[in-house]
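**Student:** A single structure is presented below for examination.
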Amino acid sequence: MNDVLVLASDAQRRDALRAELDDVGITSADYAIDQASESVIDARALILDREFVDELLASSTPLPPLIVIAREGSIPDAVQCMRQGATDYLAEPLSAGELVKAVTRALNKAGNPELASEPALWSMIGQCDAMLELFDRIRKVAPTETTVLIQGESGSGKELVARALHNASARRHAPMISLNCAAIPDSLIETELFGHEPGSVPGRTARQAGLIEAAHGGTLFLDEIGELPIEAQARLLQVLQDGETRRVGSTNSSRVDVRLITATHRDLKSLTEAQAFREDLFYRLHVVTLVVPPLRERGDDVVAIAQAVLERISQKLAKPDVRFADEALTTLKDYTWPGNVRELENAIERAVILCDSGTIDSELLAIDVELSPPAQVKTDINGTGSLEDYFVQFVLENQDQLTETELANRLGISRKSLWERRQRLSIPRRRTRKRGPRVST
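As numbered in the working numbering, residues 793 to 1233 make up the sequence shown, in order.
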């Protein structure tokens, strides 16, 4: 029996999905969708195109855990698929490793509980003392129903910790629903979380279930919880206290069984003192706190992570023989990574794309150790605004020498994120000097 069966009508698409699974040792087979039958569906998990879900679920064939891949995903569609019995719902384009994580969850549901117990299968790498302590705490906390607050800088892997907690819990057979509170406009976040009745939200005429309802029986992960508006904080607190949720515009509540995991790079205690975060909600969330160390404090883990990322990306880009030069590995260790693992992944993917010789040197990595924050300047997530202070300082000190794109690359963020932070932190952008009039000769 294969671990996974891939069903899709496009052969190239099936091959690409199988290649990602083969890279991490997950055995798979594939068939065209019209070959799906009782004799074909002989696997511990199934990957299926969204357009064929209704047809397959309508048959009488017993199905293994189902991973749905949608070309154009949406929250209402995800909720519908979950209610039909899907284990996971992924929207294209898939991020690196997202398919593997979903398959791991499906295999857990199929009856392989040992998958939930090892850091390697949580997609987490680390041998430094801070990471070993984090792994130990995940093992202890995951089997409980305790609310967990994950603290760490942007890009350090907080969502991986949340996923590990879910996968190592008794709720691993149910969905884990994630929402980045900073990515949703304040005016829409309540309807995303709690859902809404027809006509209660301008421009939305259909009833919509919220993410809290979709997470029933499983885990709700709220990233950047410090960005949640006060009004939504009050409603979330009510859910935690009463175990009930009510859609916007409804007078009726429904019972929900949800474990809440939250994450932030901000100091919630300082936010409560500034009355920007509810104190009662803070104490509800602050039962167990897990701290993800920044990459610059993880020693030789940087090289181990870089090698794993290089292997994954080089396979994805069909450049399997690309390797790091020794000088590049030294550069990776000396750089202090303000953007953490996310910045590391971006730097390596860029280098693999541009590499012609098969060897990645320091120049291809396009990181400047001299421009990185000094190692002795430690960003303390428990200190007020320390990460934002560094951001402001770095931008002001380097914007005369670097373009906006280069600044964003150094910080491990997108240009859009750089612009948004400039606005939020009131950092003036350097004005380009105007050229004088062109003199004709």
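Glycine included, C-beta positions come from ideal geometry on N, C-alpha and C.
State the beta-bridge partners of Ile1159 as determined by DSSP.
**Tutor:** Start at 1 with the first residue of the sequence shown, and residue 1159 comes out as number 367. Looking at the DSSP assignment, Ile1159 forms no beta bridge with any residue, so it has no partner.
**Student:** Below 8 angstroms between beta carbons: does that hold for Asn972 and Glu1016?
**Tutor:** Sequence index remark: in the sequence shown, residue 972 carries index 180 (1-based). Sequence index remark: in the sequence shown, residue 1016 carries index 224 (1-based). In this structure, Glu1016 lies closer than 8 angstroms to Asn972 by Cβ.
**Student:** If we count the other Cβ atoms within 10 Å of its Cβ and call it buried at 16 or more, is Asp1118 buried or exposed?
**Tutor:** For this step, residue 1118 is matched to residue 326 along the sequence shown. Asp1118 sits exposed, since fewer than 16 C-beta atoms from the chains shown fall within 10 Å of its C-beta.
**Student:** Under 8 angstroms between C-beta atoms, does Glu984 make it to chain B?
**Tutor:** Among the chains in the structure shown there is no chain B, since it carries only a single protein chain.
**Student:** What is the DSSP secondary structure of Asp1015, counted as helix, strand or coil?
**Tutor:** Counted from its first residue, the sequence shown places residue 1015 at position 223. Asp1015 falls in the strand class under three-state DSSP.
**Student:** Per DSSP, what are the beta-bridge partners of Thr1056 in this structure?
**Tutor:** As a position in the sequence shown, residue 1056 is number 264, starting the count at 1. DSSP lists Gln943 as partners of Thr1056.
**Student:** How many whole angstroms separate the CB atoms of Leu985 and Leu1003, which I take to be in contact at a CB cut-off of 8 angstroms?
**Tutor:** Here residue 985 refers to the residue found at position 193 when the sequence shown is read from its first residue. Here residue 1003 refers to the residue found at position 211 when the sequence shown is read from its first residue. Their Cβ separation, rounded to whole angstroms, is 5 angstroms, which keeps Leu985 and Leu1003 in contact under 8 angstroms.
**Student:** Arg863 and Glu847 look like a contact to me (Cβ under 8 angstroms); what is the Cβ gap, rounded to whole Å?
**Tutor:** Taking the sequence shown and counting its residues from 1, one reaches residue 863 at position 71. Taking the sequence shown and counting its residues from 1, one reaches residue 847 at position 55. At roughly 16 angstroms, the Cβ-Cβ gap does not stay under 8 angstroms, so Arg863 and Glu847 are not in contact.
**Student:** For the beta strand (DSSP E) containing Tyr823, name the first residue and the last one.
**Tutor:** The residue given as residue 823 occupies position 31 in the sequence shown. 820-823 is the span of the beta strand (DSSP E), which, as asked, contains Tyr823.
**Student:** Considering only C-alpha positions, which residue in the set Arg955, Val1184, Glu951, Arg1202 is nearest to Leu1217?
**Tutor:** On the sequence shown, residue 1217 is found 425 positions in, with the first residue counted as 1. Minimum Cα distance to Leu1217 is reached at Val1184.
**Student:** DSSP three-state call for Ile1219: helix, strand or coil?
**Tutor:** The residue given as residue 1219 occupies position 427 in the sequence shown. Ile1219 falls in the coil class under three-state DSSP.
**Student:** Is it true that the segment 930-937 meets the segment 953-963, where meeting means three or more beta-carbon pairs spaced less than 8 angstroms apart?
**Tutor:** Between the segment 930-937 and the segment 953-963, the count of Cβ pairs shorter than 8 angstroms is three or higher; the stretches touch.
**Student:** Here's a check: name, in chain order, each residue in its chain whose Cβ is nearer than 7 angstroms to the Cβ of Asp869, leaving out the five neighbours to either side.
**Tutor:** Along the sequence shown, read from residue 1 onward, the residue named residue 869 stands at position 77. Cβ neighbours of Asp869 beyond the five flanking positions: Ala862.
**Student:** Excluding the five sequence neighbours on either side, which residues of its own chain have a C-beta within less than 8 angstroms of the C-beta of Glu989, listed in chain order?
**Tutor:** Within the sequence shown, residue 989 is the residue found at index 197, counting from 1. Excluding sequence neighbours, Glu989 sits near Arg999, Arg1039, Val1040, Gly1041, Ser1042.
**Student:** Which residues does DSSP pair with Thr1037 in a beta bridge?
**Tutor:** Numbered from its first residue, the sequence shown carries residue 1037 at position 245. When DSSP reads this structure, Thr1037 sits in a beta bridge with Ser1046.
**Student:** Rounded to the nearest angstrom, how far is the Cβ of Met916 from that of Leu941, given a contact under 8 angstroms?
**Tutor:** Stepping through the sequence shown from its first residue, residue 916 is reached at position 124. Stepping through the sequence shown from its first residue, residue 941 is reached at position 149. Not really, about 18 angstroms apart at Cβ, beyond 8 angstroms.
**Student:** Could you spell out where the alpha helix (DSSP H) holding Tyr1075 opens and where it closes?
**Tutor:** Translated into the one-based positions of the sequence shown, residue 1075 becomes position 283. Counting along the chain, the alpha helix (DSSP H) containing Tyr1075 begins and ends at 1071-1077.
**Student:** So, under 8 angstroms CB-CB, Ala966 and Gly918 are touching, yes? Tell me the CB distance rounded to an integer number of Å.
**Tutor:** As a first step, residue 966 is located in the sequence shown; it is residue number 174 there, counting from the start. As a first step, residue 918 is located in the sequence shown; it is residue number 126 there, counting from the start. Rounded to the nearest angstrom, the Cβ distance from Ala966 to Gly918 is 27 angstroms, too far for a contact under 8 angstroms.
**Student:** Would DSSP call Ser970 helix, strand or coil?
**Tutor:** The sequence position of residue 970 within the sequence shown is 178, counting from 1. Of the three classes helix, strand and coil, the one that applies to Ser970 here is strand, per DSSP.
**Student:** Which value, in whole angstroms, describes the spacing of the CA atoms of Ala1110 and Arg806?
**Tutor:** Here residue 1110 is taken as the residue at index 318 of the sequence shown, counted from 1. Here residue 806 is taken as the residue at index 14 of the sequence shown, counted from 1. Going from the Cα of Ala1110 to the Cα of Arg806 covers about 16 angstroms.
**Student:** When the Cα of Lys950 is compared with those of Asn1132, Thr1151, Phe1186, which residue comes out closest?
**Tutor:** The residue labelled residue 950 in the question sits at position 158 within the sequence shown. It is Asn1132.
**Student:** Taking its Cβ as the centre, do 16 or more other Cβ atoms sit within 10 Å of Arg1088, making it buried, or is it exposed?
**Tutor:** For this step, residue 1088 is matched to residue 296 along the sequence shown. Buried.
**Student:** Within the same chain, show all residues whose beta-carbon is closer than 6 angstroms to that of Val871, passing over the 5 residues directly before and after it, in chain order.
**Tutor:** Translated into the one-based positions of the sequence shown, residue 871 becomes position 79. For Val871, where only same-chain residues beyond five positions count, the Cβ hits under 6 angstroms are Ala1001, Ala1006.
**Student:** Would you call the CB atoms of Gly1219 and Leu1188 closer than 8 angstroms?
**Tutor:** Looking up residue 1219 in the sequence shown gives position 427. Looking up residue 1188 in the sequence shown gives position 396. Here residue 1219 is Ile; the residue named in the question, Gly, does not match the sequence. Their beta carbons are under 8 angstroms apart, which means Ile1219 touches Leu1188 by this criterion.
**Student:** Look up Gly987 in the DSSP assignment and give the residues it is bridged to.
**Tutor:** Along the sequence shown, one-based indexing puts residue 987 at 195. Bridge partners of Gly987: Ala1001.
**Student:** Going by other Cβ atoms of all chains shown within 10 Å of its Cβ, with 16 needed for buried, is Gln1033 buried or exposed?
**Tutor:** Within the sequence shown, residue 1033 is the residue found at index 241, counting from 1. Gln1033 comes out exposed.
**Student:** For Ser948, count the other beta carbons within 10 Å of its own beta carbon; 16 or more makes it buried, fewer makes it exposed. Which is it?
**Tutor:** What you label residue 948 is simply residue 156 of the sequence shown in a count that begins at 1. So Ser948 counts as buried.
**Student:** I'd like to check one pair, Thr1056 with Val943: are the Cβ atoms closer than 8 angstroms?
**Tutor:** As a working note, residue 943 is residue 151 in the sequence shown. As a working note, residue 1056 is residue 264 in the sequence shown. Per the sequence shown, the amino acid found at residue 943 is Gln instead of Val. Their beta carbons are under 8 angstroms apart, which means Gln943 touches Thr1056 by this criterion.
**Student:** Nearest-angstrom Cα distance between Ala956 and Pro1086?
**Tutor:** Translated into positions along the sequence shown, residue 956 becomes position 164. Translated into positions along the sequence shown, residue 1086 becomes position 294. If I take the Cα positions, the gap works out to 18 angstroms.
**Student:** Looking at the unbroken alpha helix (DSSP H) that takes in Asp841, where does it start and where does it end?
**Tutor:** Position 49 of the sequence shown, counted from the first residue, corresponds to residue 841. Not the alpha helix (DSSP H): Asp841 falls in the beta strand (DSSP E), residues 835-841.
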